[in-house]
Amino acid sequence: MTGGTTMNFRTLKELSERCSESGLSIGRLMLEQQSRESGREPEAEFAAMKDYYGIMKDAVHNGLTRDTTSRSGLTGLDAQRVAAYNAAGEPSLGGDAGRAMAYALAVSEVNASMGRIVATPTAGSCGIIQHGADARLRRDGRHRSGCDRPGHEAGEPAPGAAAERSFVAAESLRHGR
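Rendered as structure tokens:
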């Protein structure tokens, strides 16, 4: 990863202004930024993002369906407990929050049990932000099993397009660092 460049915005308002100025969607703007940072063509960058998004979805699935007990025994299976609680009735914070919590725990537990994750966008969140968004997209019927084109239009998930250097951890994993 080449790095060295930074986002030209610090707030969502500034991001919105950049999109208005350029006439690009948030997804397209972020894809072009990520492409500049990585030195890859946008199509290659998008293909990598698609792969990372698949890993993220697999982490949620694995956390909700497999034994994720860590070697220490201190963590594991809480995501499945939360999902079961959610399925038993309306969670106190609502279905979206309950689903987001189950997804976030699932990814965190897969990480703790030495499973494969993509730590994005902060390299410490284990993909929690993405899965919170996924929970909402599922509720609204807009979740897709895969993304089929670069530049995502409104309403489509934009994996990794949320923050600066969103795929540092995945790049390190990919290159054995």
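Start counting at 1 in the sequence shown, then tack on 197, and there's your number in our numbering.
Idealized CB from N, CA, C, for every residue including glycine.
It should be emphasised that the depicted structure is a prediction, and the values quoted were computed from it without experimental measurement.
How about residue i and residue j: do their beta carbons lie closer than 8 Å?
i             : j              : result
threonine 262 : leucine 274    : no
arginine 313  : isoleucine 252 : yes
arginine 268  : asparagine 283 : no
glycine 292   : arginine 336   : yes
Hey, how far is the Cα of residue i from the Cα of residue j?
i              : j                 : result
valine 279     : alanine 256       : 16 Å
serine 217     : methionine 204    : 16 Å
alanine 241    : aspartate 248     : 11 Å
glutamate 306  : phenylalanine 243 : 27 Å
glutamate 229  : leucine 334       : 24 Å
alanine 281    : lysine 254        : 19 Å
glutamate 238  : alanine 245       : 11 Å
arginine 233   : glycine 220       : 18 Å
methionine 311 : leucine 226       : 34 Å
threonine 272  : tyrosine 300      : 15 Å
leucine 290    : glycine 338       : 20 Å
arginine 215   : asparagine 308    : 35 Å
glutamine 277  : tyrosine 250      : 21 Å
arginine 207   : serine 213        : 11 Å
valine 315     : glycine 236       : 20 Å
valine 304     : methionine 298    : 10 Å
proline 163    : alanine 294       : Since the displayed the chain opens at 198 and closes at 374, residue 163 lies outside it and no answer follows.
histidine 258  : glutamine 231     : 27 Å
Could you check if residue i is buried or exposed, using at least 16 other CB atoms within 10 Å of its CB as the buried criterion?
i             : result
aspartate 331 : buried
glycine 357   : Low per-residue confidence applies at glycine 357: pLDDT is 39, beneath 50, and the placement is therefore not dependable enough to give any value.
leucine 302   : buried
alanine 285   : exposed
glycine 260   : buried
lysine 210    : exposed
Quick one: does the C-beta of residue i sit closer than 7 Å to a heavy atom of the ligand SAM?
i             : result
threonine 265 : Absence of the ligand SAM from the depicted structure is noted, as is the absence of any ligand whatsoever, leaving it without description.
Entirely within the stretch 258-324 and at least 4 residues each: give me those alpha helix (DSSP H) ranges in chain order. 275-285 and 292-309
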